[in-house]
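What follows is a short report on a single structure.
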Amino acid sequence: AQKITQTQPGMFVQEKEAVTLDCTYDTSDQSYGLFWYKQPSSGEMIFLIYQGSYDEQNATEGRYSLNFQKARKSANLVISASQLGDSAMYFCAMRGPPYSGGYNKLIFGAGTRLAVHP
Amino acid sequence: GAGVSQSPSNKVTEKGKDVELRCDPISGHTALYWYRQRLGQGLEFLIYFQGNSAPDKSGLPSDRFSAERTGESVSTLTIQRTQQEDSAVYLCASSFSGGAGDTQYFGPGTRLTVL
Chain A
21 AQKITQTQPG MFVQEKEAVT LDCTYDTSDQ SYGLFWYKQP SSGEMIFLIY QGSYDEQNAT
81 EGRYSLNFQK ARKSANLVIS ASQLGDSAMY FCAMRGPPYS GGYNKLIFGA GTRLAVHP
Chain B
39 GAGVSQSPSN KVTEKGKDVE LRCDPISGHT ALYWYRQRLG QGLEFLIYFQ GNSAPDKSGL
99 PSDRFSAERT GESVSTLTIQ RTQQEDSAVY LCASSFSGGA GDTQYFGPGT RLTVL
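Structural data, given as structure tokens:
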């Protein structure tokens, strides 16, 4: 069964510094996708970044990058130059291969609450 | 364009009553998903619709939960005989379903409180 583990319930970072949010996953599939979402206090889930299991390069989207270490089954989110507006819950999620039951859903971790201090 | 919309944004009901939650996906998205998020927790998958295929209901927690979708548009999640443990935020998402990296875009959710 697929599983996502986020071991940091809470993190804080000083404004303008970089922060890494940890995510490890467990799957027996060779093909899968990894996602990070941000959930501000308003409650909406905002898509941040995606990494496919066969992608050789780490994904980047603006200030967000995904440190993908396939052998260690980790997909850590790195936020560079933190801003006050980055304060939110961050969820790591995984999707199984196409044409499998695991493709029909995202499996989410418990989340990490990030607080950015001025 | 318009994102995923959900209604109502908040719903307070009494134990034992039935509730209906509505989701309008992004136009052109063929896939639609429902998730539940209990307070302080991650999201739990409930049900998935893809075009005219039979839905994946594997995440529905009991037979009190059901959902319907009309074609590739609106979906309704129904909870019958609500219980206090049903209190949660119910989130709907849609996706284009065009490939392995298909991204799910979420609505703002419906906060359900069962008294």
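From first to last, the protein sequence lines are chains A and B. No gaps in the numbering here: position 46 of the first sequence is 66 in the numbering used here, and each next residue is one more. No gaps in the numbering here: position 57 of the second sequence is 95 in the numbering used here, and each next residue is one more. We put the CB at the ideal spot given by N, CA and C, even for glycine. In this text, all values refer to a predicted model and were calculated from it rather than measured experimentally.
Query: A:Tyr52 - DSSP class collapsed to helix/strand/coil; Result: coil
Query: Three-state secondary structure (DSSP) of A:Leu104; Result: helix
Query: Bridge partner(s) assigned by DSSP for B:Thr131; Result: Here residue 131 of chain B is Ala; the residue named in the question, Thr, does not match the sequence. In the DSSP output, where bridge partners are listed per residue, B:Ala131 has B:Tyr71, B:Phe144.
Query: First through last residue of the beta strand (DSSP E) which encompasses A:Val98; Result: 94-99
Query: Candidates A:Ser51, A:Ala113, A:Ser100, of which the one nearest A:Lys36 by Cα; Result: A:Ser100
Query: CB contact below 8 Å: A:Met65 versus chain B; Result: yes
Query: Cβ neighbour criterion (16 or more within 10 Å) applied to A:Tyr119; Result: exposed
Query: Backbone secondary structure at A:Gly121 - three-state DSSP; Result: helix
Query: From A:Ala113, A:His137, A:Tyr52, residue whose alpha carbon lies closest to that of A:Gly129; Result: A:Ala113
Query: Nearest residue (CA-CA) to B:Tyr128, options B:Gly145, B:Glu110, B:Gln122; Result: B:Gly145
Query: Residue ranges of each beta strand (DSSP E) within the segment 90-118 of chain B, 3 or longer; Result: 103-107, 113-117
Query: C-alpha distance - B:Leu59 paired with B:Thr116, whole-angstrom precision; Result: 6 Å
Query: Under 7 Å by beta carbon: chain A residues contacting B:Gln79; Result: Ala130
Query: Beta-carbon gap between A:Ala79 and A:Ile69 smaller than 8 Å; Result: yes
Query: is_contact[A:Phe32, chain B] using C-beta, thresh 8 Å; Result: no
Query: Per-residue burial, A:Phe88 [other beta carbons within 10 Å of its own, 16 or more giving buried]; Result: buried
Query: Length of the line joining the Cα atoms of A:Gly63 and A:Glu76; Result: 33 Å
Query: For B:Gln142 and B:Gly109, the rounded distance between their alpha carbons; Result: 18 Å
Query: CB-CB length for B:Ser133 against B:Ala69, believed under 8 Å; Result: 5 Å
Query: C-alpha gap between A:Gly116 and A:Gln22, whole angstroms; Result: 8 Å
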